[in-house]
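S.K.:
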Amino acid sequence: MTADIDFTAFFDATPSPYLMLDTDLVIRYVNTAYLQTTGLTRNQLIGKYFFDALPENPASADDTQQNLKASLRRVLDTGKPDTLVLQRYDIPALHQPGWFEERWWSEIHTPIPGPDGEVKWIVQRAEDVTAFVHSRRARQLTDEFTEGEKGMAAELYARAHELHRLNQELRQAHARERQVAVALQEAMLSAPDLDHHTGNIAVRYLPATTSLNVCGDWYDVVDLPPDRYAAAVGDVVGHGLHAAAVMGMLRSALSAAIRALPSPAQALEVLGLYARSLDGATAATAVKVLIDTRSRLIIYSSAGHPPPVLLHSDGTCELLDQATDPPLGARPHHVPRPQAGLSYTRGDTLVMYTDGLIERRDEDIDASLARLTTALAKDSTLAPDQLADALLARLDVAGGAADDIALIVIRL
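Just add 585 to wherever you are in the sequence shown, counting from 1, and you've got our numbering.
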(Lines of atoms letter the chains of each structure in order from A; the text may use other names.)
(Lines give C-alpha, C1' and ligand atoms only; values in the text may rest on other atoms or scores of the structure.)
Protein backbone atom coordinates (compact mmCIF):
# COMPACT_ATOMS: atom_id res chain seq x y z
CA MET A 586 0.00 0.00 0.00
CA THR A 587 1.45 3.39 -0.99
CA ALA A 588 1.64 5.96 1.81
CA ASP A 589 -0.04 9.28 1.15
CA ILE A 590 2.90 11.59 1.91
CA ASP A 591 3.24 15.28 1.15
CA PHE A 592 6.95 15.35 0.32
CA THR A 593 7.07 19.15 0.03
CA ALA A 594 5.76 19.41 3.59
CA PHE A 595 8.28 16.74 4.65
CA PHE A 596 11.29 18.59 3.22
CA ASP A 597 10.08 21.94 4.52
CA ALA A 598 9.83 20.46 8.01
CA THR A 599 13.30 18.90 8.11
CA PRO A 600 16.06 21.01 9.74
CA SER A 601 18.63 20.00 7.09
CA PRO A 602 19.05 22.29 4.04
CA TYR A 603 17.87 20.65 0.78
CA LEU A 604 17.49 21.80 -2.81
CA MET A 605 16.60 19.98 -6.02
CA LEU A 606 18.24 20.48 -9.41
CA ASP A 607 17.23 19.30 -12.86
CA THR A 608 19.77 17.80 -15.26
CA ASP A 609 20.67 21.32 -16.50
CA LEU A 610 21.57 22.22 -12.90
CA VAL A 611 18.65 24.62 -12.66
CA ILE A 612 17.20 24.94 -9.16
CA ARG A 613 13.62 23.64 -9.05
CA TYR A 614 13.00 23.42 -5.29
CA VAL A 615 14.57 24.65 -2.05
CA ASN A 616 13.34 23.90 1.46
CA THR A 617 12.93 26.34 4.33
CA ALA A 618 16.17 25.30 6.04
CA TYR A 619 18.15 26.03 2.86
CA LEU A 620 16.69 29.53 2.70
CA GLN A 621 17.49 30.12 6.37
CA THR A 622 21.05 28.86 5.95
CA THR A 623 21.86 30.97 2.88
CA GLY A 624 19.70 33.99 3.72
CA LEU A 625 18.31 33.99 0.19
CA THR A 626 14.69 33.92 -0.97
CA ARG A 627 12.93 31.41 -3.19
CA ASN A 628 12.68 34.05 -5.93
CA GLN A 629 16.46 34.41 -5.86
CA LEU A 630 16.95 30.67 -6.31
CA ILE A 631 14.04 28.90 -8.03
CA GLY A 632 14.45 28.71 -11.82
CA LYS A 633 18.06 29.91 -11.73
CA TYR A 634 21.15 28.05 -12.88
CA PHE A 635 22.85 26.95 -9.66
CA PHE A 636 26.13 28.75 -10.29
CA ASP A 637 24.32 31.96 -11.29
CA ALA A 638 22.18 31.93 -8.16
CA LEU A 639 25.18 30.99 -6.00
CA PRO A 640 28.25 32.30 -7.85
CA GLU A 641 31.79 31.43 -6.84
CA ASN A 642 33.71 33.88 -4.69
CA PRO A 643 36.28 35.33 -7.14
CA ALA A 644 38.64 35.99 -4.22
CA SER A 645 38.67 32.38 -3.09
CA ALA A 646 41.94 30.57 -3.65
CA ASP A 647 40.27 27.18 -3.61
CA ASP A 648 38.91 25.64 -6.80
CA THR A 649 35.57 25.20 -5.06
CA GLN A 650 33.30 25.72 -8.04
CA GLN A 651 35.11 23.09 -10.07
CA ASN A 652 34.87 20.60 -7.20
CA LEU A 653 31.13 21.18 -6.91
CA LYS A 654 30.57 20.96 -10.68
CA ALA A 655 32.61 17.76 -10.83
CA SER A 656 30.51 16.21 -8.06
CA LEU A 657 27.26 17.05 -9.84
CA ARG A 658 28.64 15.74 -13.12
CA ARG A 659 29.62 12.44 -11.49
CA VAL A 660 26.04 12.03 -10.27
CA LEU A 661 24.67 12.66 -13.76
CA ASP A 662 27.18 10.30 -15.38
CA THR A 663 27.06 7.42 -12.90
CA GLY A 664 23.57 7.68 -11.42
CA LYS A 665 25.13 7.23 -7.98
CA PRO A 666 25.28 9.56 -4.96
CA ASP A 667 28.41 11.65 -4.45
CA THR A 668 29.73 13.25 -1.27
CA LEU A 669 31.90 16.33 -0.75
CA VAL A 670 33.65 16.36 2.61
CA LEU A 671 34.41 19.74 4.19
CA GLN A 672 33.91 21.67 0.98
CA ARG A 673 34.41 25.45 1.11
CA TYR A 674 31.91 27.40 -0.93
CA ASP A 675 31.34 31.03 0.04
CA ILE A 676 27.96 32.69 -0.44
CA PRO A 677 27.11 36.30 -1.29
CA ALA A 678 26.87 38.61 1.75
CA LEU A 679 23.29 39.75 2.22
CA HIS A 680 23.88 43.44 2.91
CA GLN A 681 27.23 43.97 1.19
CA PRO A 682 26.94 43.60 -2.60
CA GLY A 683 30.08 42.16 -4.10
CA TRP A 684 31.22 40.65 -0.80
CA PHE A 685 31.12 36.99 0.20
CA GLU A 686 30.78 35.15 3.50
CA GLU A 687 33.13 32.25 4.17
CA ARG A 688 31.14 29.01 4.41
CA TRP A 689 32.13 25.36 4.75
CA TRP A 690 29.77 22.56 3.84
CA SER A 691 29.30 18.82 4.08
CA GLU A 692 27.35 18.00 0.93
CA ILE A 693 25.67 14.91 -0.45
CA HIS A 694 24.30 14.84 -4.01
CA THR A 695 21.70 12.11 -4.57
CA PRO A 696 20.22 11.23 -7.99
CA ILE A 697 16.51 10.58 -8.52
CA PRO A 698 15.77 8.58 -11.69
CA GLY A 699 12.87 9.16 -14.04
CA PRO A 700 10.59 6.47 -15.51
CA ASP A 701 13.30 5.55 -18.05
CA GLY A 702 15.86 4.91 -15.32
CA GLU A 703 17.98 7.91 -16.26
CA VAL A 704 18.79 10.64 -13.75
CA LYS A 705 16.00 13.23 -13.78
CA TRP A 706 16.72 15.18 -10.59
CA ILE A 707 19.61 15.75 -8.20
CA VAL A 708 18.90 16.37 -4.51
CA GLN A 709 21.56 18.34 -2.69
CA ARG A 710 21.77 18.17 1.10
CA ALA A 711 24.18 20.84 2.30
CA GLU A 712 25.03 20.98 6.01
CA ASP A 713 26.69 24.23 7.07
CA VAL A 714 29.74 23.16 9.15
CA THR A 715 31.55 26.51 9.17
CA ALA A 716 31.45 26.75 12.96
CA PHE A 717 33.05 23.32 13.25
CA VAL A 718 35.84 24.20 10.82
CA HIS A 719 36.64 27.32 12.83
CA SER A 720 36.58 25.52 16.17
CA ARG A 721 39.83 24.80 18.04
CA ARG A 722 39.06 21.10 18.26
CA ALA A 723 38.68 20.84 14.49
CA ARG A 724 42.12 22.37 14.02
CA GLN A 725 43.55 19.87 16.49
CA LEU A 726 42.01 16.98 14.56
CA THR A 727 43.27 18.10 11.15
CA ASP A 728 46.17 15.66 11.11
CA GLU A 729 44.48 12.90 13.10
CA PHE A 730 41.38 12.26 10.98
CA THR A 731 41.02 10.95 7.46
CA GLU A 732 38.93 13.02 5.07
CA GLY A 733 35.96 10.70 5.65
CA GLU A 734 36.30 10.93 9.43
CA LYS A 735 36.52 14.72 9.27
CA GLY A 736 33.32 14.76 7.26
CA MET A 737 31.58 12.57 9.81
CA ALA A 738 32.85 14.75 12.66
CA ALA A 739 31.64 17.88 10.91
CA GLU A 740 28.21 16.41 10.29
CA LEU A 741 27.92 15.22 13.89
CA TYR A 742 28.86 18.71 15.01
CA ALA A 743 26.19 20.22 12.77
CA ARG A 744 23.58 17.74 14.02
CA ALA A 745 24.48 18.39 17.67
CA HIS A 746 24.35 22.15 17.11
CA GLU A 747 20.92 21.89 15.47
CA LEU A 748 19.63 19.61 18.22
CA HIS A 749 20.85 22.07 20.85
CA ARG A 750 19.08 24.94 19.06
CA LEU A 751 15.83 22.98 18.77
CA ASN A 752 16.01 21.97 22.44
CA GLN A 753 16.52 25.58 23.43
CA GLU A 754 13.48 26.64 21.40
CA LEU A 755 11.42 23.82 22.93
CA ARG A 756 12.42 24.81 26.47
CA GLN A 757 11.59 28.44 25.75
CA ALA A 758 8.20 27.46 24.31
CA HIS A 759 7.47 25.30 27.37
CA ALA A 760 8.51 28.14 29.66
CA ARG A 761 6.23 30.60 27.87
CA GLU A 762 3.29 28.19 27.93
CA ARG A 763 3.91 27.48 31.62
CA GLN A 764 3.93 31.21 32.43
CA VAL A 765 0.67 31.79 30.58
CA ALA A 766 -0.97 28.68 32.05
CA VAL A 767 0.05 29.53 35.62
CA ALA A 768 -1.18 33.12 35.18
CA LEU A 769 -4.50 31.82 33.83
CA GLN A 770 -4.77 29.30 36.65
CA GLU A 771 -4.06 31.87 39.36
CA ALA A 772 -6.52 34.34 37.83
CA MET A 773 -9.30 31.75 37.90
CA LEU A 774 -8.48 30.69 41.47
CA SER A 775 -7.94 34.16 42.87
CA ALA A 776 -11.37 34.87 44.32
CA PRO A 777 -13.10 32.04 46.19
CA ASP A 778 -16.20 33.02 48.13
CA LEU A 779 -14.52 33.64 51.52
CA ASP A 780 -16.13 36.92 52.64
CA HIS A 781 -17.97 35.31 55.54
CA HIS A 782 -15.13 33.00 56.57
CA THR A 783 -12.23 35.35 57.25
CA GLY A 784 -9.60 33.51 59.25
CA ASN A 785 -11.48 30.20 59.10
CA ILE A 786 -10.49 29.12 55.58
CA ALA A 787 -7.03 29.02 54.02
CA VAL A 788 -6.37 28.12 50.39
CA ARG A 789 -3.11 27.37 48.60
CA TYR A 790 -2.17 26.70 45.01
CA LEU A 791 1.38 25.62 44.15
CA PRO A 792 2.24 25.14 40.47
CA ALA A 793 4.36 22.14 39.56
CA THR A 794 8.10 22.68 39.63
CA THR A 795 8.33 21.33 36.06
CA SER A 796 6.46 22.57 32.99
CA LEU A 797 5.08 19.11 32.25
CA ASN A 798 2.39 18.80 34.94
CA VAL A 799 1.24 22.33 35.64
CA CYS A 800 -2.29 23.68 35.65
CA GLY A 801 -4.79 20.91 36.16
CA ASP A 802 -5.66 21.39 39.86
CA TRP A 803 -8.29 23.70 41.31
CA TYR A 804 -10.28 24.59 44.41
CA ASP A 805 -13.52 26.44 45.06
CA VAL A 806 -15.59 27.67 48.02
CA VAL A 807 -19.24 28.68 47.59
CA ASP A 808 -21.49 30.32 50.20
CA LEU A 809 -25.04 28.93 50.38
CA PRO A 810 -26.89 31.26 52.81
CA PRO A 811 -28.15 31.27 55.42
CA ASP A 812 -26.22 28.49 57.16
CA ARG A 813 -24.43 26.33 54.60
CA TYR A 814 -21.42 26.53 52.35
CA ALA A 815 -19.69 24.14 49.93
CA ALA A 816 -16.08 23.46 49.07
CA ALA A 817 -14.46 21.46 46.28
CA VAL A 818 -11.08 20.46 44.92
CA GLY A 819 -10.42 18.81 41.59
CA ASP A 820 -7.69 17.61 39.27
CA VAL A 821 -7.68 17.58 35.47
CA VAL A 822 -5.40 15.03 33.83
CA GLY A 823 -3.01 16.85 31.50
CA HIS A 824 -0.87 19.94 31.54
CA GLY A 825 -0.46 23.39 30.07
CA LEU A 826 -3.04 25.73 28.65
CA HIS A 827 -5.49 23.02 27.64
CA ALA A 828 -5.60 21.58 31.17
CA ALA A 829 -6.01 25.07 32.62
CA ALA A 830 -8.92 25.78 30.27
CA VAL A 831 -10.65 22.49 31.09
CA MET A 832 -10.07 23.14 34.79
CA GLY A 833 -11.76 26.54 34.50
CA MET A 834 -14.81 25.08 32.79
CA LEU A 835 -15.22 22.25 35.29
CA ARG A 836 -14.76 24.57 38.28
CA SER A 837 -17.37 27.00 36.96
CA ALA A 838 -19.82 24.21 36.11
CA LEU A 839 -19.56 22.62 39.56
CA SER A 840 -19.90 26.00 41.26
CA ALA A 841 -23.12 26.60 39.35
CA ALA A 842 -24.40 23.06 39.96
CA ILE A 843 -24.03 23.20 43.74
CA ARG A 844 -26.03 26.44 43.82
CA ALA A 845 -28.89 24.85 41.89
CA LEU A 846 -28.62 21.37 43.45
CA PRO A 847 -27.30 21.66 47.03
CA SER A 848 -26.37 17.98 47.10
CA PRO A 849 -22.73 17.02 46.45
CA ALA A 850 -23.68 13.75 44.74
CA GLN A 851 -26.18 15.41 42.40
CA ALA A 852 -23.78 18.24 41.63
CA LEU A 853 -21.07 15.72 40.67
CA GLU A 854 -23.61 13.81 38.55
CA VAL A 855 -24.27 16.99 36.57
CA LEU A 856 -20.55 17.69 36.33
CA GLY A 857 -19.88 14.15 35.10
CA LEU A 858 -22.42 14.56 32.29
CA TYR A 859 -20.82 17.86 31.34
CA ALA A 860 -17.29 16.36 31.49
CA ARG A 861 -18.22 13.81 28.83
CA SER A 862 -18.70 16.70 26.39
CA LEU A 863 -15.24 18.19 27.08
CA ASP A 864 -12.09 16.89 25.45
CA GLY A 865 -9.62 16.07 28.22
CA ALA A 866 -12.15 16.12 31.06
CA THR A 867 -13.37 12.52 31.24
CA ALA A 868 -10.54 11.37 33.55
CA ALA A 869 -10.73 14.41 35.83
CA THR A 870 -11.36 13.85 39.52
CA ALA A 871 -13.17 16.00 42.08
CA VAL A 872 -14.53 15.90 45.59
CA LYS A 873 -17.41 18.08 46.80
CA VAL A 874 -18.43 18.73 50.41
CA LEU A 875 -21.44 20.57 51.79
CA ILE A 876 -21.04 21.96 55.31
CA ASP A 877 -24.21 22.62 57.29
CA THR A 878 -23.21 24.87 60.19
CA ARG A 879 -26.59 24.60 61.92
CA SER A 880 -26.65 20.80 62.16
CA ARG A 881 -22.83 20.54 62.20
CA LEU A 882 -22.91 17.99 59.42
CA ILE A 883 -20.54 17.39 56.51
CA ILE A 884 -22.13 15.81 53.42
CA TYR A 885 -19.74 14.73 50.68
CA SER A 886 -19.25 12.84 47.45
CA SER A 887 -16.06 11.99 45.57
CA ALA A 888 -15.41 11.30 41.89
CA GLY A 889 -12.18 9.33 42.01
CA HIS A 890 -10.41 11.88 44.21
CA PRO A 891 -8.17 11.35 47.27
CA PRO A 892 -10.28 11.54 50.45
CA PRO A 893 -10.49 14.76 52.48
CA VAL A 894 -9.43 14.53 56.13
CA LEU A 895 -11.44 15.65 59.16
CA LEU A 896 -8.88 16.64 61.80
CA HIS A 897 -10.26 16.72 65.34
CA SER A 898 -8.92 19.12 67.94
CA ASP A 899 -7.35 16.20 69.84
CA GLY A 900 -5.20 15.29 66.77
CA THR A 901 -7.18 12.25 65.62
CA CYS A 902 -8.24 12.06 61.97
CA GLU A 903 -11.12 10.65 59.94
CA LEU A 904 -10.95 10.06 56.20
CA LEU A 905 -13.98 11.05 54.14
CA ASP A 906 -13.79 7.85 52.06
CA GLN A 907 -17.30 6.39 52.27
CA ALA A 908 -18.70 7.91 49.08
CA THR A 909 -16.05 7.35 46.39
CA ASP A 910 -16.94 6.74 42.76
CA PRO A 911 -15.01 6.66 39.44
CA PRO A 912 -13.65 9.91 37.91
CA LEU A 913 -15.87 12.36 36.07
CA GLY A 914 -17.16 11.07 32.76
CA ALA A 915 -15.58 7.64 33.27
CA ARG A 916 -18.86 5.77 32.94
CA PRO A 917 -20.46 5.61 29.47
CA HIS A 918 -23.94 5.77 31.02
CA HIS A 919 -25.39 7.87 33.79
CA VAL A 920 -25.37 6.23 37.24
CA PRO A 921 -26.30 8.10 40.45
CA ARG A 922 -23.23 8.90 42.55
CA PRO A 923 -22.93 7.93 46.24
CA GLN A 924 -23.10 10.42 49.07
CA ALA A 925 -22.15 10.16 52.74
CA GLY A 926 -22.17 12.36 55.80
CA LEU A 927 -20.52 12.70 59.19
CA SER A 928 -20.88 15.11 62.05
CA TYR A 929 -18.18 17.44 63.31
CA THR A 930 -17.44 19.37 66.48
CA ARG A 931 -16.78 23.07 66.54
CA GLY A 932 -13.01 23.54 66.28
CA ASP A 933 -12.46 20.54 64.02
CA THR A 934 -10.60 21.15 60.74
CA LEU A 935 -11.45 19.87 57.28
CA VAL A 936 -8.49 19.44 54.89
CA MET A 937 -9.09 19.00 51.16
CA TYR A 938 -6.24 18.60 48.65
CA THR A 939 -5.12 17.23 45.30
CA ASP A 940 -2.81 14.27 44.84
CA GLY A 941 0.32 16.38 44.31
CA LEU A 942 0.31 17.02 48.07
CA ILE A 943 0.69 13.40 49.12
CA GLU A 944 1.58 11.07 46.28
CA ARG A 945 5.19 9.99 45.87
CA ARG A 946 6.81 7.76 43.28
CA ASP A 947 6.69 4.04 44.16
CA GLU A 948 4.69 4.69 47.36
CA ASP A 949 1.38 3.02 48.16
CA ILE A 950 -1.57 5.41 48.60
CA ASP A 951 -2.19 4.09 52.11
CA ALA A 952 1.35 5.08 53.10
CA SER A 953 0.80 8.52 51.56
CA LEU A 954 -2.43 9.01 53.52
CA ALA A 955 -0.77 7.85 56.74
CA ARG A 956 1.99 10.40 56.25
CA LEU A 957 -0.65 13.10 55.71
CA THR A 958 -2.62 12.29 58.85
CA THR A 959 0.56 12.04 60.93
CA ALA A 960 1.63 15.49 59.75
CA LEU A 961 -1.79 16.96 60.52
CA ALA A 962 -1.88 15.45 64.03
CA LYS A 963 1.31 17.33 64.94
CA ASP A 964 -0.21 20.74 64.21
CA SER A 965 -3.90 20.29 65.02
CA THR A 966 -4.10 23.45 67.14
CA LEU A 967 -2.76 25.83 64.50
CA ALA A 968 -5.00 28.34 62.74
CA PRO A 969 -5.87 27.47 59.12
CA ASP A 970 -3.25 29.73 57.52
CA GLN A 971 -0.48 28.45 59.77
CA LEU A 972 -1.69 24.85 59.43
CA ALA A 973 -1.64 25.06 55.62
CA ASP A 974 1.97 26.31 55.61
CA ALA A 975 3.06 23.80 58.25
CA LEU A 976 1.49 20.92 56.32
CA LEU A 977 3.27 21.87 53.10
CA ALA A 978 6.55 22.10 55.00
CA ARG A 979 6.12 18.77 56.82
CA LEU A 980 5.33 17.01 53.54
CA ASP A 981 8.37 18.67 51.95
CA VAL A 982 6.41 20.41 49.18
CA ALA A 983 6.52 24.02 50.39
CA GLY A 984 8.61 24.88 47.34
CA GLY A 985 6.40 22.89 44.98
CA ALA A 986 6.36 19.30 43.79
CA ALA A 987 6.46 17.36 40.53
CA ASP A 988 2.68 17.83 40.25
CA ASP A 989 0.70 20.95 41.07
CA ILE A 990 -1.08 21.19 44.43
CA ALA A 991 -4.43 22.66 45.46
CA LEU A 992 -5.19 22.78 49.18
CA ILE A 993 -8.13 24.01 51.32
CA VAL A 994 -7.97 24.10 55.14
CA ILE A 995 -11.31 24.88 56.83
CA ARG A 996 -11.73 25.50 60.56
CA LEU A 997 -15.27 24.31 61.28
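Even glycine gets a Cβ: it sits at the ideal position worked out from N, Cα and C.
Should Pro891 and Asp940 be called a contact, given that it needs their Cβ atoms to be closer than 9 Å?
M.R.: Closer than 9 Å, so yes.
S.K.: Quick check: does the Cβ of Ala868 come within less than 8 Å of any heavy atom belonging to the ligand PLP?
M.R.: Because no ligand of any kind appears in the structure shown, any question about the ligand PLP cannot be addressed here.
S.K.: Determine whether the beta carbon atoms of Ala866 and Leu835 lie at a separation below 9 Å.
M.R.: For Ala866 and Leu835, yes; Cβs fall inside 9 Å.
S.K.: Assuming contact is defined by CB atoms lying nearer than 9 Å, are Ser691 and Ala716 in contact in what I supplied?
M.R.: Against a cut-off of 9 Å, the Cβ pair of Ala716 and Ser691 comes out as no contact.
S.K.: Considering only their Cβ atoms, is the gap separating Val611 from Phe635 smaller than 9 Å?
M.R.: In contact: Phe635 and Val611 (Cβ atoms closer than 9 Å).
S.K.: Under 9 Å, do His919 and Glu854 count as touching if we go by C-beta distance?
M.R.: Yes. Within cutoff.
S.K.: Let me make sure I understand the geometry here. Which of Ile883, Ala888, Arg945 and Thr959 has the alpha-carbon closest to that of Asp899?
M.R.: Residue Thr959 is the option with its Cα nearest to Asp899.
S.K.: Comparing C-alpha positions only, which one of Ala828, Ile843, Met832 and Ile786 sits nearest to Pro810?
M.R.: Selected option, being the one with the closest Cα: Ile843.
S.K.: Give me whichever residues DSSP pairs with Tyr885 in a beta bridge.
M.R.: Partner(s): Val874 and Ala925.
S.K.: Could you spell out where the alpha helix (DSSP H) holding Ala973 opens and where it closes?
M.R.: Where Ala973 is concerned, the enclosing alpha helix (DSSP H) stretches over Pro969 to Arg979.
S.K.: Hey, could you find the ends of the alpha helix (DSSP H) Ile1043 is sitting in?
M.R.: Residue 1043 lies beyond the range of the chain shown here (586 to 997); nothing can be said about it.
S.K.: Start and end of the beta strand (DSSP E) containing Arg613?
M.R.: Here the beta strand (DSSP E) through Arg613 covers Ile612 to Val615.
S.K.: Looking only at its own chain, which residues have a Cβ that is under 8 Å from the Cβ of Arg979, when we skip the five neighbours before and after it?
M.R.: Cβ neighbours of Arg979 beyond the five flanking positions: Ala960, Lys963 and Asp964.
S.K.: Within 10 angstroms of the Cβ of Ala598, are there 16 or more other Cβ atoms? Answer buried if so, exposed if not.
M.R.: Its Cβ having fewer than 16 others within 10 Å, Ala598 is exposed.
S.K.: Ordered along the chain, which non-local residues of its own chain (more than five positions away) have a Cβ less than 6 Å from that of Gly668?
M.R.: Residue identity check: residue 668 is Thr in the sequence provided, not Gly. Only Ile693 meet the Cβ criterion.
S.K.: Do you know offhand how far Leu997's Cα is from Gln907's?
M.R.: Cα to Cα, the separation comes out at about 20 Å.
S.K.: If we count the other Cβ atoms within 10 Å of its Cβ and call it buried at 16 or more, is Pro585 buried or exposed?
M.R.: Coverage of the chain is limited to positions 586 through 997, which leaves residue 585 absent and any answer about it impossible.
S.K.: Cα separation between Pro666 and Asp949?
M.R.: Straight-line Cα distance between these residues: approximately 59 Å.
S.K.: Which residues share a DSSP beta bridge with Asp607?
M.R.: For Asp607, which the question treats as bridged, DSSP gives the partners Trp706.
S.K.: Could you tell me if Lys873 is buried or exposed, where buried requires 16 or more neighbouring beta carbons within 10 angstroms of its beta carbon?
M.R.: Buried, by the Cβ-count rule.
S.K.: Which value, in whole angstroms, describes the spacing of the CA atoms of Leu606 and Gly801?
M.R.: Whole-angstrom Cα-Cα distance: 51 Å.
S.K.: Provide the residue span of the beta strand (DSSP E) that contains Pro698, from first to last.
M.R.: First-last of the beta strand (DSSP E) with Pro698: Trp689 to Pro698.
S.K.: Trp803: buried (16+ other C-beta within 10 angstroms of its C-beta) or exposed?
M.R.: Classification for Trp803: buried.
S.K.: Tell me, to the nearest whole angstrom, how far the beta carbon of Ile884 is from that of Leu935; I am working on the premise that it is less than 8 Å.
M.R.: Incorrect: roughly 12 Å between the Cβ atoms, too far for contact.
S.K.: Could you tell me which of Thr593, Gly984 and Ile993 sits nearest to Pro792, measuring between CA atoms?
M.R.: Pro792 has its Cα closest to that of Gly984, out of Thr593, Gly984 and Ile993.
S.K.: Leaving aside the five residues before and after Leu957 along the sequence, list all residues of the same chain whose C-beta is less than 6 Å from its C-beta, in chain order.
M.R.: Cβ neighbours of Leu957 beyond the five flanking positions: Ile943.
S.K.: Closest to Tyr790 by C-alpha separation, out of Arg813, Ala986 and Pro600, would be which residue?
M.R.: If we check each option's Cα against that of Tyr790, Ala986 comes out closest.
S.K.: Buried or exposed for Asn628, please, with buried defined as at least 16 other CB atoms from any protein chain shown within 10 angstroms of its CB.
M.R.: Exposed, since its Cβ has fewer than 16 Cβ neighbours within 10 Å.
S.K.: At which residues does the beta strand (DSSP E) containing Ala815 begin and terminate?
M.R.: Where Ala815 is concerned, the enclosing beta strand (DSSP E) stretches over Arg813 to Asp820.
S.K.: In the DSSP assignment, find the unbroken alpha helix (DSSP H) run with Thr593 in it and report its ends.
M.R.: Where Thr593 is concerned, the enclosing alpha helix (DSSP H) stretches over Phe592 to Ala598.
S.K.: Once the 5 residues before and after Thr617 are set aside, which same chain residues still bring their CB inside 6 Å of it?
M.R.: Once the five neighbours on either side are set aside, the close Cβ partners of Thr617 are Asp597.
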